[in-house]
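To start, the structure under review is shown below, and the notes come after it.
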Amino acid sequence: ASLADCEGLVLNCHGKGKKFAVVLYTETEEGKKRHGYISEFSTPETGYCTRRVPFSAFTRLRRPGAVEDDVPPLNLENVTDIGFRYRSAWNDGDNNFTLRVDWVKAQMQTVHPDMILVSYAGEKRAGEAHLRNSGLGYTIVRTPELNTNPGFSSPLVFFPKGEGVEAATTTSAADVADVCIRCLHSGEVCNKTFSLRNVNEDNDGFELVASIPSDKTDYVSTAVKRIDKNT
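Residue numbers for the sequence shown follow the numbering used here, so the first one is 1 and each next one is one higher.
What follows is the structure, given as structure tokens:
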């Protein structure tokens, strides 16, 4: 089957707190050689959970004694099998496990986000994780506390996930609102997490992407272009 139009897998399972891995298998066009690719995921102690596994997270599954060149990069055009793997080494040497899989589906590539989450005054781990694992196209915007300053009264800086917000005190609510509206129409922000904060005018440690934001200036897409997807 071809999964070339998909970004990853979304699965619902019950693993009793153990760590597992999804394994994809592909074959060459001649069908003479089979290759494997693996990505690990964890489960909670109780209840079913939904896990999003992007194809970018899969690494080559090498057989003992094989060299790196023996396994080509993942070819989504010819995926033949999907399986699960358990290793005691991932679970403190425990050989006992149970994995119940309710469903697995392919996550189609999304042009625009279905939902934008503003993690106000810092990250909201539970809410962010729930959105990432929902299967929806998302954008997560992390901000410090908001103020009522006019929009664009001071430069706005974009940071990758986990950076930036700690150093700020407040950020303009008008700036955050403008970013969120522009995210609805941007193809660059889907499935990305980033932080926002205002900086002083004399701070020259950042790259300028737009001097005067307007309807014709897509500064958000330019600012987040280098941020990795599925963050």
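Virtual Cβ for every residue (Gly too), placed ideally from N, Cα, C.
Here the structure is a predicted model, which is why all the values come from computation and not from measurement.
Which of the three DSSP states is assigned to residue i in this structure?
i	result
ALA21	strand
PRO77	This sequence places Glu at residue 77; Pro is not what is there. GLU77 falls in the helix class under three-state DSSP.
VAL118	strand
SER172	strand
ILE227	coil
Assign residue i to one of two classes, buried (16 or more other C-beta atoms within 10 Å of its C-beta) or exposed (fewer than that).
i	result
GLU7	buried
TYR48	exposed
THR28	exposed
PRO150	exposed
ILE140	buried
ALA126	exposed
PRO72	exposed
THR171	buried
With distances taken from CA atoms, which of the options is nearest residue i?
i	options	result
LEU131	PRO113, ASP178, VAL101	PRO113
TYR86	GLY15, ALA174, GLU188, ARG197	GLY15
ALA89	GLU163, ALA21, THR170, CYS183	ALA21
ALA106	GLY135, ARG63, GLY83	GLY135
LYS225	ILE82, ILE116, VAL199, ASN191	ASN191
ALA174	HIS185, PHE194, PHE152	PHE152
PHE159	ARG63, ILE227, ARG51	ILE227
For chain C, check one thing: does any of its Cβ atoms lie closer than 7 Å to the Cβ of residue i?
i	result
GLU128	The question asks about chain C, but that chain is absent: this structure has only one protein chain.
Need the endpoints of the beta strand (DSSP E) that residue i sits in, please.
i	result
TYR138	138-142
ALA106	100-108
GLU40	34-42
GLY8	6-14
GLU145	145-147
Along the chain, where does the alpha helix (DSSP H) that runs through residue i open and close?
i	result
VAL220	219-224
ARG132	125-132
Inspect the CB distances between the stretch 53-64 and the stretch 34-43 and report whether three or more fall short of 8 Å.
Under the 8 Å Cβ criterion, the stretch 53-64 counts as touching the stretch 34-43, having at least three qualifying pairs.
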